[in-house]
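Quick note on the working numbering: the sequence shown kicks off at 893 and runs consecutively. Quick reminder that beta carbons are idealized off the backbone N, C-alpha and C, glycines included. Reading through the structure tokens given below for one structure.
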Amino acid sequence: MKYLSIPAAILIVTVMASCNNPAPKEKEAETATSDTAAATPGFVPIFDGKSFAGWEGDTSFWHIENGVLTGLETKDHKLKTNTFMIWKGGEPSDFEFKAEYRISSGGNSGVQYRSELVKDIPYALKGYQADIDGADVYTGQNYEERGRGFLAMRGQIATIPTNEKPVITGSLGNPDSLKLKIHPNDWNELHLVVKGNHMLHYVNGVLMSETTDNDTINRKDKGLIGLQLHVMDDMKVEYRNIQLKQ
893 MKYLSIPAAI LIVTVMASCN NPAPKEKEAE TATSDTAAAT PGFVPIFDGK
943 SFAGWEGDTS FWHIENGVLT GLETKDHKLK TNTFMIWKGG EPSDFEFKAE
993 YRISSGGNSG VQYRSELVKD IPYALKGYQA DIDGADVYTG QNYEERGRGF
1043 LAMRGQIATI PTNEKPVITG SLGNPDSLKL KIHPNDWNEL HLVVKGNHML
1093 HYVNGVLMSE TTDNDTINRK DKGLIGLQLH VMDDMKVEYR NIQLKQ
């Protein structure tokens, strides 16, 4: 038997291994990571990235750009009242919501939930809101649009008695320290956990506010979900990978 030199044997083994295990195609690798929403166990995507299917709003202010639901307001095309892109798939009670958002430095937006339509104002909502703003003054707080106003600021654990102002019962940390967890002018993940009268607002996996609503007269147990475009001189807000778990 004729023996090969060690370098020659290594070369043959390497070539054979390469032929038996071809490298994956780039397109297959891209497909495996492109749909991040579908990769979250238990969650269902509620925005297809291509159309307004399942949503309703003023499309003169909202459009879809590169798979992103985008709200845009300019000095030449301004709102008179806050407007919302409203999900028409139901009125969730207990749920979790996730989405990635990006907002311009002077922008103001938020995710509305357990909300109701406002009479005589198209695409307007009233109810709880996970607040978002470009300067991150309010991002993470619980605010009730067209209702009781500020319910829990960033860093607060709040309980709301019936027909009274919120009572601060604990702290989640210094609001300025929590602000450092938010990425300005970049993508952030918003995660809402809503169960019974208890509401948790997370940004990038960090709990920003916690609210327990004991107000049996004014609280809402279910309602619409919507994305807000606030009255501003000039702003842009973007949402992608919008998903829901009920």
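Just measuring C-alpha positions, the residue of H1122, G1062 and E1008 sitting nearest G1039 is E1008. Linking H1122 to G934 through their CA atoms gives a straight-line distance of about 31 Å. Each of E983, T932 and R1046 was checked against the Cα of L1064, and the nearest Cα belongs to R1046. Sequence-distant Cβ neighbours of H955 in its own chain, meaning closer than 6 Å and more than five residues away, are T962. For L1116, the enclosing beta strand (DSSP E) starts and ends at L1116 to L1121. The beta carbons of I1109 and Q1004 sit no closer together than 8 Å. In the DSSP assignment, D1068 falls within the unbroken alpha helix (DSSP H) covering P1067 to K1071. The C-beta distance from N974 to A1016 rounds to 7 Å, short enough to meet the 8 Å contact threshold. T932 and F989 have their C-alpha atoms some 11 Å from each other.
Ranked by Cα distance from T1104, the first of N1034, D968, G1019 and P984 is N1034.
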